[in-house]
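J.:
Residue numbers (this note's numbering), protein chains in the order written: chain A, 1 to 152; chain B, 153 to 561.
1) Would a C-beta distance cut-off of 8 Å place residue 558 (chain B) and residue 74 (chain A) closer than the cut-off?
2) Three-state secondary structure (DSSP) at residue 301 (chain B)?
3) Looking at the secondary structure, which residues open and close the alpha helix (DSSP H) in which residue 24 (chain A) lies?
4) Distance, Cα to Cα, residue 79 (chain A) vs residue 246 (chain B)?
5) So, is the C-beta of residue 207 (chain B) closer than 8 Å to a C-beta in chain A?
6) For chain B, check one thing: does any of its Cβ atoms lie closer than 8 Å to the Cβ of residue 105 (chain A)?
7) With which residues is residue 98 (chain B) paired in a DSSP beta bridge?
8) Using a Cβ-Cβ distance cut-off of 8 Å, determine whether residue 495 (chain B) contacts chain A.
9) Alpha carbon to alpha carbon, what distance is there between residue 95 (chain A) and residue 145 (chain A)?
10) Quick check: residue 319 (chain B) and residue 373 (chain B), are their CB atoms within less than 8 Å of each other?
11) Let me know the secondary structure DSSP gives residue 59 (chain A) once reduced to three states.
12) Residue 337 (chain B) and residue 355 (chain B) look like a contact to me (Cβ under 8 Å); what is the Cβ gap, rounded to whole Å?
13) Quick check on residue 474 (chain B): buried or exposed, where buried means 16 or more other Cβ atoms within 10 Å of its Cβ?
14) Distance cutoff 8 Å, beta carbons only. Does residue 282 (chain B) sit that close to anything in chain A?
15) Could you please give the first and the last residue of the uninterrupted alpha helix (DSSP H) stretch that includes residue 216 (chain B)?
16) Count the CB pairs spanning the stretch 500 to 511 of chain B and the stretch 261 to 273 of chain B that are closer than 8 Å, and state whether there are at least three.
17) Can you tell me which of the three DSSP states residue 422 (chain B) falls into?
18) List the endpoints of the continuous alpha helix (DSSP H) containing residue 516 (chain B).
19) Let me see if you follow: with CB-CB separation under 8 Å, is residue 391 (chain B) close to chain A or not?
20) So the alpha helix (DSSP H) residue 338 (chain B) belongs to, where does it begin and stop?
21) Taking the alpha carbon of residue 196 (chain B) as the reference point, which residue from B:555, B:537, B:488 has its own alpha carbon closest?
22) Please work out which residues of its chain come closer than 7 Å, Cβ to Cβ, to residue 24 (chain A), disregarding the five sequence neighbours upstream and downstream, and give them in chain order.
23) Between the C-alpha atoms of residue 120 (chain A) and residue 470 (chain B), what's the straight-line distance to the nearest angstrom?
24) To the nearest angstrom, how far is it from the Cα of residue 322 (chain B) to the Cα of residue 489 (chain B)?
25) Check whether chain A comes within 8 Å of residue 545 (chain B), counting only Cβ atoms and requiring the distance to be less than that.
26) Does the beta carbon of residue 37 (chain A) sit closer than 8 Å to a beta carbon anywhere in chain B?
27) Please confirm if residue 249 (chain B) has its CB atom under 8 Å from at least one CB of chain A.
28) Please check if any C-beta of chain A sits within less than 8 Å of the C-beta of residue 323 (chain B).
29) Buried or exposed: residue 249 (chain B), going by 16 or more other Cβ atoms within 10 Å of its Cβ?
30) Would you tell me roughly how many angstroms separate the C-alpha atoms of residue 570 (chain B) and residue 292 (chain B), rounded to the nearest one?
31) Excluding five sequence neighbours on each side, which residues of the same chain lie with their C-beta closer than 6 Å to the C-beta of residue 65 (chain A)?
32) Compute the beta-carbon to beta-carbon distance between residue 228 (chain B) and residue 501 (chain B), rounded to the nearest angstrom, for a pair I have assumed lies under 8 Å.
33) Along chain B, which residues have their Cβ under 9 Å away from the Cβ of residue 42 (chain A)?
34) Hey, residue 54 (chain A) and residue 242 (chain B): beta-carbon distance below 8 Å or not?
35) Can the beta-carbon of residue 384 (chain B) be found closer than 8 Å to that of residue 406 (chain B)?
36) Taking the alpha carbon of residue 359 (chain B) as the reference point, which residue from B:328, B:529, B:198 has its own alpha carbon closest?
So, in C-alpha cells, the structure goes:
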C-alpha cells in the first residue's frame, strides 16, 4: 500500500489508521448485531403493544443494525468526509421516496367509491359475521369509508 | 488498484497564479517538468467505483422496499396476509439473518487478516463466508419450495391465490374440481374393476364437494336476496378450503347459522311428509314425481338433487368440515384448490420480487468469492478483498431491512 513514494498524501485516508484492537471491535459489533436481531424478533412475537409501536421499534432496531454494519464492517467510520456525500443523500432519497408515495398510492383507498370497491383486490364487502367481530368493511350504501391505514 | 488520478500538478511551471514569481522556468534550467499526481479523493479507484455502484444499488433496493412499504401499509386494515397466512416462517428468516450477519463478520475478518499479510487465515475466513452464503441460498430455496407446494406463486396461472371470495372464486373452484374429476372418471371407465379404491374414494369426495360445497354455494348466492348472506356463504366455502384465522369467528358464525337453518328446514320437510293433510305430496313422492325447484345452474350431466338430499348432504359436509382443522388444501392436499387470501397476489408479487432480487445478489457475491478463493490473499490483494467485502456487506444490509418487513410485520 506504500508503493507511491513521491505522492504527498500516500497514506492519508487510505483507512490505515485503525491498527491493533480492531478484531475485538468487530467481534463486539457482531455480538451487538445478534442482540439487536433477538430484540427485533422478541418485540414482534411477545411485546404487548399496539402494532404501530411494534413496527416503529423494529424499524429503529433495523436502522441501528444498518448503522453498525455501515460504520464498522464497511469501515466508513475510518473514512474521510466523502462518506457524508454518499450516505446523506442516500438516506434522504430512501425516506423521501417512501413518504412522497404515501398520499397517492398508500392512501388510495380513502377516496374509493362503492363502484371502485367492487373491483378492488381487497375483499371488503361486509358480511353478517362482521357485525359480530368488528371487522372494517366497504361502505354500505353511501356510508363513508373510514380511514384504514396500517393496522392489520 | 492504482491511485485516483487527477489534474497533474506541475512543480515549477509557468502557472499565472504561481507564487514563485518570475523565476519559474529559469531556476530549473533543464526544463524538466515534474508531475505530481494528487488523488481527487483519498481512496483507490476500485473502492470509489464500488461505492458508486453501491449507491445505485441503494437506489434500486430503496425503490423496491419503499414500494413494498407503501403497498403493505396502504392496504386497508385486515386485508394484508399475515406471515402464517402465506407460510412464512419467522424462525427461518431469523436463521437466515444470523447466517448473513455471521458471514459479514467472517469477511471482515478475512480482510483484516489479508491486510496483516496472513493469507491462510484470510482464505479460511473467505471460505467460511462462501459456505455461509451458500447456506443462506439453500434455506431460501427451501422456503420458496414450501410456498410453491402450497400454490403460492408470483403470478397466475400457477398461483392459486384469489383476492376476493366472490362468484369468480367459486367458479374457479368449480373448474378445478371438474379438472380433477375428468381424468379420474376416464380412468375408471377404462380400468373398471382395477380402479384403485383410493382413487374411487377421491372421486366420491370430489363429487361430494361439487354437490354440497360448490353447487350449494352457487345456489345460495343466486337465490338469496341478502348480499351479506351470499358473502357469508362464499366466505364459509373459502374458509373450508384455506382457513385464515382472522375469519374464524365469521366463518363459525355463518356455519352455525346455516346448521340451524338446515335443521329447521329438514324438520319442516319431515313434518310435511308425516302430515296426513298433504296427500297429494305423499302420492307424488310415491310416484317419484316430485319436481324440485328448477336450477338454472344445473349442467346437463348433473343429476338434479331433491331438497332432502341437498339439505342432508350439506349438513353432512358442514359436520365433516369440523375435521379439516387446517382446511382442505392441507388435509386433502391432492386437491390443490384455489384459495382465498386477501391481497394475496400483491403480497406474492412483492415478496418474490424482493427476495428474488436479493437472492440474485447473493448468488453474484458467491460467484465473486469463488473466483477469489484460488488467489493468494496477502496485503497486495487486500483492496480487492475489501471491495468484495463492501459488496457483501451491502447484501447483508438489504437483508437486515427485508427480514423485519417481510417476516415480522
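We put the CB at the ideal spot given by N, CA and C, even for glycine.
T.: Per the coordinate set shown:
1) For the purposes of this step, residue 558 (chain B) is identified with residue 406 of the second chain, where counting begins at 1. For the purposes of this step, residue 74 (chain A) is identified with residue 74 of the first chain, where counting begins at 1. For residue 558 (chain B) and residue 74 (chain A), no; Cβs fall outside 8 Å.
2) Here residue 301 (chain B) is taken as the residue at index 149 of the second chain, counted from 1. Here residue 301 (chain B) sits in helix by DSSP.
3) Taking the first residue of the first chain as 1, we reach residue 24 (chain A) at position 24. Taken as a continuous stretch (DSSP letters only), the alpha helix (DSSP H) holding residue 24 (chain A) covers 22 to 46.
4) In the first chain, counting from the first residue as 1, residue 79 (chain A) sits at position 79. In the second chain, counting from the first residue as 1, residue 246 (chain B) sits at position 94. Whole-angstrom Cα-Cα distance: 31 Å.
5) Position 55 of the second chain holds residue 207 (chain B). Output row for residue 207 (chain B): interface = yes.
6) The residue given as residue 105 (chain A) occupies position 105 in the first chain. Residue-level contact check: residue 105 (chain A) touches chain B, since one or more beta carbons of chain B fall below 8 Å from its beta carbon.
7) Here chain B comprises residues numbered 153 to 561, so residue 98 (chain B) is not present and cannot be evaluated.
8) The sequence position of residue 495 (chain B) within the second chain is 343, counting from 1. Residue 495 (chain B) has a beta carbon lying within less than 8 Å of a beta carbon in chain A.
9) By one-based count along the first chain, residue 145 (chain A) stands at place 145. By one-based count along the first chain, residue 95 (chain A) stands at place 95. Residue placement at residue 145 (chain A) cannot be trusted, given a pLDDT of 38 that sits under 50; the coordinates are not used to answer.
10) For the purposes of this step, residue 319 (chain B) is identified with residue 167 of the second chain, where counting begins at 1. For the purposes of this step, residue 373 (chain B) is identified with residue 221 of the second chain, where counting begins at 1. Less than 8 Å separates the beta-carbon of residue 319 (chain B) from that of residue 373 (chain B).
11) Translated into the one-based positions of the first chain, residue 59 (chain A) becomes position 59. DSSP places residue 59 (chain A) in helix when its eight states are reduced to three.
12) Reading the second chain from its first residue, position 185 is the one you call residue 337 (chain B). Reading the second chain from its first residue, position 203 is the one you call residue 355 (chain B). Contact between residue 337 (chain B) and residue 355 (chain B) holds, since their C-beta atoms are separated by about 7 Å, short of 8 Å.
13) Taking the first residue of the second chain as position 1, residue 474 (chain B) is located at position 322. With fewer than 16 Cβ atoms within 10 Å of its Cβ, residue 474 (chain B) is classed as exposed.
14) Stepping through the second chain from its first residue, residue 282 (chain B) is reached at position 130. Chain A, which has no Cβ nearer than 8 Å to the Cβ of residue 282 (chain B), makes this no.
15) Along the second chain, one-based indexing puts residue 216 (chain B) at 64. Membership of residue 216 (chain B) in the alpha helix (DSSP H) is indicated by the continuous run 197 to 226.
16) Taking 8 Å as the limit for Cβ pairs, the verdict is that the stretch 261 to 273 of chain B does not touch the stretch 500 to 511 of chain B.
17) Numbered from its first residue, the second chain carries residue 422 (chain B) at position 270. Three-state result, residue 422 (chain B): helix.
18) Taking the first residue of the second chain as position 1, residue 516 (chain B) is located at position 364. Start and end: 496 to 524.
19) The residue given as residue 391 (chain B) occupies position 239 in the second chain. At least 8 Å separates the CB of residue 391 (chain B) from every CB of chain A.
20) Here residue 338 (chain B) corresponds to residue number 186 of the second chain, with the count starting at 1. Looking at the DSSP string, the run of the alpha helix (DSSP H) that includes residue 338 (chain B) is 319 to 343.
21) Reading the second chain from its first residue, position 44 is the one you call residue 196 (chain B). Here the closest residue by C-alpha is B:537.
22) Looking up residue 24 (chain A) in the first chain gives position 24. There are no such residues.
23) As a working mapping, residue 120 (chain A) is identified with position 120 in the first chain. As a working mapping, residue 470 (chain B) is identified with position 318 in the second chain. The straight-line gap from Cα to Cα measures roughly 30 Å.
24) Residue 322 (chain B) sits at position 170 when you count from the first residue of the second chain. Residue 489 (chain B) sits at position 337 when you count from the first residue of the second chain. When rounded, the distance between both Cα atoms is 10 Å.
25) What you label residue 545 (chain B) is simply residue 393 of the second chain in a count that begins at 1. With 8 Å as the cut-off, residue 545 (chain B) counts as an interface residue toward chain A.
26) Residue 37 (chain A) sits at position 37 when you count from the first residue of the first chain. Interface annotation, residue 37 (chain A): in contact with chain B, CB-CB separation under 8 Å.
27) To locate residue 249 (chain B), count along the second chain from 1; it is residue 97. Yes, contact with chain A.
28) Walking along the second chain from the start, residue 323 (chain B) turns up at place 171. So no, residue 323 (chain B) is outside the interface.
29) Position 97 of the second chain, counted from the start, is the residue given in the question as residue 249 (chain B). Residue environment analysis places residue 249 (chain B) among the buried positions, since at least 16 neighbouring C-beta atoms fall within 10 angstroms of its C-beta.
30) Chain B is shown only over 153 to 561; residue 570 (chain B) falls outside these bounds and no answer can be derived.
31) Translated into the one-based positions of the first chain, residue 65 (chain A) becomes position 65. Excluding sequence neighbours, residue 65 (chain A) sits near 33, 36.
32) Sequence index remark: in the second chain, residue 228 (chain B) carries index 76 (1-based). Sequence index remark: in the second chain, residue 501 (chain B) carries index 349 (1-based). So it is not a contact: roughly 18 Å between Cβ atoms.
33) In the first chain, the residue the question calls residue 42 (chain A) occupies position 42. Per Cβ cutoff of 9 Å: no residues; residue 42 (chain A) is ~10 Å from chain B at best.
34) For this step, residue 54 (chain A) is matched to residue 54 along the first chain. For this step, residue 242 (chain B) is matched to residue 90 along the second chain. No, the pair does not count as a contact, with Cβ atoms beyond the cut-off.
35) Against the second chain, residue 384 (chain B) aligns to sequence position 232. Against the second chain, residue 406 (chain B) aligns to sequence position 254. Their beta carbons are under 8 Å apart, which means residue 384 (chain B) touches residue 406 (chain B) by this criterion.
36) The residue labelled residue 359 (chain B) in the question sits at position 207 within the second chain. Out of B:328, B:529, B:198, B:328 has the C-alpha closest to the C-alpha of residue 359 (chain B).
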